[in-house]
Structure formats: C-alpha cells, structure tokens
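Note sheet for the following structure.
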Amino acid sequence: MTVDTQSEHITTMAFDVKSIKQDFPALAQTVHNKPLIYFDNAATSQKPQAVIDSLVHYYQHDNANIHRGVHTLSERATKAYEDARKTVQQFVNAKHDSEIVFLRGTTEAINLVAQSYGRANIGQDDEIIISEMEHHANIVPWQMLCEQTGATLKIIPINDKGELLLEEYQALFSNKTKLVAVVHISNALGTINPIKQMIDIAHQHDVPILIDGAQATPHMAIDVQALGCDFYTLSGHKMYGPTGIGALYAKKEILEKMPPYQGGGEMIKMVTFEKTTYNEIPFRYEAGTMHIAGAIGLATAIDYIQSIGIENIAHYEQGLSAYAQQLADDFDGLRVIGTAADKTGILSFLLDNIHAHDVGTILDHEGIAIRTGHHCAMPVMQHFNIPATARASFCMYNTKAEIKQLFSALDKVREVFAK
Amino acid sequence: MSDLRELYQEIIIDHNRQPRNFYEMEDATQKIDGFNPLCGDRITIYLKVENGIVEKASFKGTGCAISIASASMMTDSLLGKTIQQVEAVFEKFHQLITAAKKPETTDELGKLNVLGGVRNYPSRIKCATLAWHAMHAALNQESDTVTTE
Ligand SMILES: Cc1ncc(COP(=O)(O)O)c(C=O)c1O
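Chain order of the listed sequences is A and B.
Per numbering that gives the first Met the number 0, the first sequence starts with residue 0, numbered consecutively.
Per numbering that gives the first Met the number 0, the second sequence starts with residue 0, numbered consecutively.
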C-alpha cells in the first residue's frame with residue numbers, strides 16, 4: 000500500500016532472503032529427497048525460530064493463568080499477554096488496545112461478530128452484503144445468522160478476472176442493509192480488493208463493514224484508523240505465528256455495545272445467581288482461559304515481521320508475484336484463475352486437463368508443497384465452473400529460484416501425463 | 000520418480016485419457032452420485048442389473064486421474080458379474096487400497112491391481128474409492144448421493 004511512495008528507499012535496503020530463510024527451521028528439510036519448497040503459505044505459513052522460542056520460553060518460565068493471580072508468574076504472564084495485545088494494536092494501528100479481542104482466528108472472529116453484533120442488530124428481512132469470492136468462514140456464519148433471524152444474504156458478483164464489481168456492490172444497498180462483510184485479499188484468487196473504497200461506500204449508506212484480513216496481514220501494512228472499517232479480522236498462523244490464535248479488531252463504541260459471545264470466567268465482573276455484570280471490553284469477549292502462549296507467539300511473529308519491515312516484505316513479494324505471473328504467461332497450457340489488476344502472491348492455476356490433485360501429488364514428489372482443491376471458496380470454483388485449482392502461494396522466505404523450480408516441476412507433471 | 004510411476008501407471012493414465020463406459024445410461028436400474036467434498040469431485044455411477052447380474056455399468060463426472068481411472072476400470076470389471084461376485088471384488092479392492100499390510104496380488108482383481116500404488120498416498124485413497132463406494136451404495140439401494148466423508 001505504501002510501497003509506491005517508498006519504493007526508492009526500499010530497493011536500496013538489503014532484503015536478505017537467505018538469512019530470513021534460515022530463521023525458519025521447518026524449511027531446512029527434504030521431502031522425497033528434495034529440498035522442501037513451501038508454497039502453501041496462504042493455508043498456513045511456517046514459523047520462525049523466534050516464535051517457537053517464545054512459546055517454549057513462556058511455558059518454561061512464565062506459565063500461569065492471567066488477570067487473577069497475585070503471584071509473580073501470574074503477573075508476568077498477564078503482562079506478556081497484555082503487551083501482546085498492544086503489539087497487535089500497533090500492528091493494525093488501532094486507537095485503543097481494548098479494541099483488540101484475542102480469539103482463535105478469523106473464523107472465530109467472524110462467528111463472534113455474527114452471533115454477538117449480528118443477533119443484536121440484524122433481524123427479519125434485513126440484508127447482509129458479502130461477495131462471491133468469500134472464504135467459507137465469511138459465508139457460513141452469516142448463513143447461520145440468516146437462518147436464526149430471517150435476514151438474507153446479498154452477493155457482490157465478480158468478473159472473470161476475479162475482481163469485485165463495484166457498481167453492483169453499490170446497487171445492492173437498500174434501507175434493509177445492516178452489514179457488509181468482505182475479504183481484503185482472496186485466498187483462492189489473490190485479488191486485493193479496494194477495501195478503502197468499499198468501506199467508504201458502506202459508510203455513505205450508514206452501514207458498518209467487516210473486513211476479513213486473514214490473507215492481508217502477512218503481506219501489507221494495515222491501518223484500521225485510516226481504513227475506517229468497523230471490524231477487521233486476522234489469523235496468527237498465516238502471519239508466521241502459532242495456530243489457534245488470532246484477533247478481532249472492532250471499534251470501541253461498537254464493541255462496548257455488543258452483547259457477550261460466550262459466557263464463563265474472565266468475561267464477568269460480578270456473578271450472583273440473580274444477575275451477572277459483564278467485564279469491560281475486550282475481556283467481555285475473552286471467556287475462559289485464553290491461548291496465552293499463542294497471543295505471546297503472535298506478538299513475537301509481529302515483532303519478527305516488523306524487524307524486516309512490512310513494506311520491505313510487500314515489495315519483495317511483489318517481485319516474486321510478478322516473476323511467477325511472467326513464467327505462467329509463457330507456460331503453454333497453463334491457465335491462471337484470478338488475474339485481477341491488483342494481486343498478491345497467489346497463483347491459482349489449471350494445467351491442461353490435468354486435475355489439480357494429480358498436479359499436487361506430482362509436485363510433492365519434487366519437494367514442492369502446494370494446495371489443491373476448492374480452497375474453502377466453492378462459490379469461486381462455481382463461478383469459473385471448475386472443481387478445483389492448484390494454488391502456489393508465496394511469502395517472504397520464497398525465492399525466484401524456487402518459483403523457477405515450480406515451473407520445471409510442472410514440465411514433469413506433463414511428462415507423466417504425456418505417456 | 001520411481002514410486003510416482005507406480006502410482007501413475009500407464010494403464011491409469013490411459014483410462015484417465017480415454018475412460019471406458021463413460022456415458023449416461025438411459026435404462027439404468029441403479030443410479031447414484033458419488034461426491035468427494037474434499038476436492039469437489041463428482042462421479043455418477045449407472046448400473047443395469049437384471050436377474051442379479053450386472054448387464055451394464057457406466058459413469059459420468061469429473062475427477063482426478065486416479066478417480067477417473069478407478070471408475071473406468073471398475074465399470075469394466077463389473078460387467079457380467081453376479082451381485083455376490085461384485086461384493087467380493089468390492090471387498091478385495093478395498094483391501095488392496097486400505098489394508099495395513101499389502102495383500103497379495105490376486106487374479107480376482109486382474110488389472111485393478113495397478114491401483115494398488117494408491118495405498119502409499121493416504122491423501123489420495125478416497126480418490127480411488129469414490130466410484131466404488133458409489134457403486135456399492137447403488138447396489139444396496141442407499142440414498143441418492145454418497146460422499147467419501
Ligand atoms: C480469506 C480467508 N478467510 C478466512 C480464513 C479462515 O481463517 P482461520 O482458519 O485462521 O480461522 C482463511 C483461511 O484459510 C482465509 O484464507
């Protein structure tokens with residue numbers, strides 16, 4: 000996002016992919032006797048040693064339950080956990096740390112918004128706008144809400160490049176529209192949606208908007224205040240952090256008014272059998288003992304990203320993406336699904352008539368890990384009338400040499416099928 | 000790529016490229032959709048069973064090389080078999096693909112033995128068994144759609 004204005008500065012900075020790669024122990028292995036090339040980053044990224052160490056350190060030294068102990072370890076664990084919240088806050092540039100709720104990930108964050116905000120504010124005959132390119136995590140929770148409330152879903156269509164049709168988006172609004180929920184970057188297509196514009200449009204209609212940022216936070220700077228979105232979600236495991244931890248950003252004034260999501264310990268101030276007073280935000284939404292180690296690991300992952308610089312990462316990855324696109328263009332019989340003008344390093348493709356699963360198995364034999372299938376975005380597959388794609392997704396530890404090897408391996412796939 | 004060749008044997012590639020019995024059967028006595036939600040593969044199996052004998056077997060659908068070849072070879076292998084014989088082949092095939100220990104190559108399975116390479120690819124076993132589960136459900140008059148899950 001800010002890459003253009005800073006690109007001069009960036010190109011002069013050393014981006015040392017070799018040393019970055021060495022920070023990721025899982026990358027230093029062979030698969031089928033070939034050095035592992037990990038191109039399944041959109042599913043989950045590998046973890047740097049620093050993140051792994053932070054988990055070990057926490058369990059070896061600081062492990063305690065938080066917010067309710069007076070002993071030293073509990074104080075340490077509480078501080079580390081709350082510091083992690085501040086790290087996430089700064090990473091997305093939220094105004095208050097109380098606007099960051101720790102959750103399992105994007106899926107849980109969207110479910111929380113649907114069940115808490117949704118059930119309180121969306122009723123019979125109301126409408127929720129989502130898009131045709133959503134991950135199932137941003138479809139199913141809304142369908143469940145619709146079943147519970149009698150609301151209906153309105154779908155922003157995509158074109159054959161995999162771009163949202165903004166005019167159609169505009170036209171979907173009515174006085175029944177109560178919420179928009181749209182993905183920042185599509186995991187199936189790589190499309191970067193013009194979310195600033197989409198947020199502004201929603202707000203012109205006085206409709207709040209949720210952005211599914213699962214695929215965006217590892218690759219670009221996010222500033223929720225500049226964007227103005229009402230909700231933003233992220234998943235730690237896609238941004239070099241542990242699995243089972245993620246966050247919901249929500250504007251303070253909205254969060255304060257939302258009813259709790261789950262009931263239990265930690266989310267309360269006072270419980271009697273007559274009445275329970277809920278804790279303040281964000282604790283009201285963090286019932287039970289949270290994934291404390293995970294939150295600390297996520298903060299470490301963010302520190303790691305910051306140490307390299309998200310702009311530097313974005314710039315480097317754009318180089319990878321452009322290179323992959325160029326090789327794809329020159330590769331006979333390869334059809335890229337998702338050719339939006341604004342794209343990240345996700346190459347979803349079909350090769351001849353060869354099924355994606357066969358491509359995936361043969362690439363695995365070459366030590367190359369890709370994802371095959373519908374990528375939890377079946378409506379996208381339906382749009383293109385295909386059952387599945389093969390998807391290579393790149394991140395900061397990948398190299399052009401690895402991408403070149405991907406294409407050599409695709410030659411081998413063809414060989415197998417040519418006999 | 001040696002063990003890869005074991006998976007993608009020539010005969011599998013051939014059946015994938017030119018599937019046998021690949022048509023919609025108008026006069027089918029049994030018809031069922033097989034669905035693998037993991038990869039979106041869909042295969043419809045058609046059977047014409049008369050007097051307890053499979054007179055005709057065919058299929059339609061999309062899938063990976065393994066699932067198409069498996070369906071193609073399966074439909075070939077069923078022709079003329081009694082229901083009991085079909086059940087026996089189904090059992091044998093299932094063992095070939097999934098048993099913990101690799102079973103002996105059996106004459107009963109004939110060229111179906113080439114699909115045995117799948118056993119080394121846990122993520123691909125469902126591709127090989129999709130058509131078979133569908134066929135089995137069709138014979139046993141189960142619901143209209145079976146899934147591999
Ligand atoms: C765009 C998008 N949204 C949501 C999700 C779900 O994220 P999680 O599984 O971390 O909850 C994913 C992950 O695959 C995704 O790519």
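Ideal Cβ placement from N, Cα and C applies to all residues, glycine included.
Between A321(A) and D341(A), what straight-line distance do the alpha-carbon atoms span, to the nearest angstrom?
The alpha-carbon atoms of A321(A) and D341(A) are separated by roughly 11 angstroms.
Could you say if the segment 46 to 59 of chain A and the segment 9 to 17 of chain B meet the contact criterion of at least three C-beta pairs nearer than 8 angstroms?
In short, these stretches do not touch, since the Cβ pair count stays below three.
If you check the beta carbons only, do A213(A) and T105(A) fall under 7 angstroms apart?
Yes.
Taking 6 angstroms as the cut-off, is the C-beta of Q8(B) nearer than that to any heavy atom in ligand 1?
Checking the Cβ of Q8(B) against ligand 1 gives no.
So with CB distances below 7 angstroms, who are the chain B contacts of F416(A)?
Under the 7 angstroms cutoff, chain B gives I12.
Does any C-beta atom of chain B lie closer than 7 angstroms to the C-beta of H364(A)?
Yes, H364(A) counts as interfacial toward chain B.
How far does the beta strand (DSSP E) with T276(A) in it extend, from its first residue to its last?
Element bounds for T276(A): 275 to 277.
Out of curiosity, what's the CA-to-CA distance linking E25(B) and L362(A)?
Distance between the alpha carbons of E25(B) and L362(A): 40 angstroms.
As an exercise, report each continuous beta strand (DSSP E) stretch of at least 3 residues that is fully enclosed by the segment 52 to 118 of chain B, in chain order.
Counting only runs of 3 or more, we get 52 to 61.
CA-CA distance, Q21(A) and K251(A)?
Using only the alpha carbons, I get a separation of about 40 angstroms.
What first and last residue would you give for the beta strand (DSSP E) that runs through R390(A)?
388 to 392 is the extent of the beta strand (DSSP E) around R390(A).
Check whether the Cβ of S234(A) lies closer than 6 angstroms to any heavy atom of ligand 1, and answer yes or no.
S234(A): yes, Cβ under 6 angstroms from ligand 1.
When we look at the beta-carbon of S69(B) and count the other beta-carbons within 10 Å, is it buried (16 or more) or exposed?
Buried, because 16 or more other Cβ atoms sit within 10 Å of the Cβ of S69(B).
Assuming D410(A) is part of the alpha helix (DSSP H), what are its boundary residues?
Element bounds for D410(A): 399 to 417.
So what does DSSP say about Y37(A), is it helix, strand or coil?
Strand, per DSSP.
Show which residues of chain A have a CB atom less than 9 angstroms away from the CB atom of G62(B).
Correct list: H354, H356, P386.
Please report the distance separating the alpha-carbon of H93(B) from that of A27(B).
In a straight line, the C-alpha of H93(B) is about 25 angstroms away from that of A27(B).
Cβ-heavy atom distance between G104(A) and ligand 1 below 6 angstroms?
Answer for G104(A): yes, Cβ within range of ligand 1.
Mind reading off the beta-carbon distance from S97(A) to M132(A)? Whole number of angstroms is fine, and I expect it under 8 angstroms.
Going by Cβ atoms, the distance from S97(A) to M132(A) rounds to 32 angstroms, so no, they are not a contact pair.
Given K175(A), which residues of its chain have a CB within under 8 angstroms of its CB, disregarding the five upstream and five downstream residues?
Result list for K175(A): D124, D125, E126, in chain order.
Is G39(B) close to chain A, meaning its C-beta is less than 7 angstroms from at least one C-beta of that chain?
True, the Cβ-Cβ gap to chain A drops below 7 angstroms.
What do you reckon, is the C-beta of Q214(A) under 6 angstroms from a heavy atom of ligand 1?
Yes, ligand 1 has a heavy atom inside 6 angstroms of this Cβ.
Output the boundary residues of the beta strand (DSSP E) element that contains M269(A).
Taken as a continuous stretch (DSSP letters only), the beta strand (DSSP E) holding M269(A) covers 267 to 270.
Decide if L108(B) is buried, meaning its Cβ has at least 16 other Cβ atoms within 10 Å, or exposed.
Classification for L108(B): buried.
Quick one: Cα of N20(B) to Cα of P102(B), how far?
The straight-line gap from Cα to Cα measures roughly 28 angstroms.
When you compare only the Cα positions, how much space is there between F58(B) and H374(A)?
Using only the alpha carbons, I get a separation of about 27 angstroms.
Please state whether DSSP places N192(A) in a helix, a strand or coil.
Three-state result, N192(A): coil.
Say yes only if the C-beta of V50(A) is nearer than 6 angstroms to one or more non-hydrogen atoms of ligand 1, and no if none qualify.
No, the Cβ of V50(A) stays beyond 6 angstroms of every heavy atom of ligand 1.
Rounded to whole angstroms, what's the CA-CA distance from Q305(A) to G117(A)? Just pull it up for me.
Answer to the nearest angstrom: the Cα atoms are 34 angstroms apart.
Once DSSP output is grouped into helix, strand and coil, what is the label at A150(A)?
Here A150(A) sits in coil by DSSP.
For S234(A), name the three-state secondary structure that DSSP assigns.
Strand at S234(A).
Under 7 angstroms between the Cβ atoms of E279(A) and E265(A)?
Their beta carbons are not under 7 angstroms apart, which means E279(A) does not touch E265(A) by this criterion.
Under 8 angstroms by Cβ, that's how I've got I194(A) and V181(A) pegged, so tell me the actual separation to the nearest angstrom.
Yes, I194(A) and V181(A) are in contact; Cβ-Cβ is about 7 angstroms, under 8 angstroms.
For chain B, check one thing: does any of its Cβ atoms lie closer than 7 angstroms to the Cβ of H373(A)?
Yes, contact with chain B.
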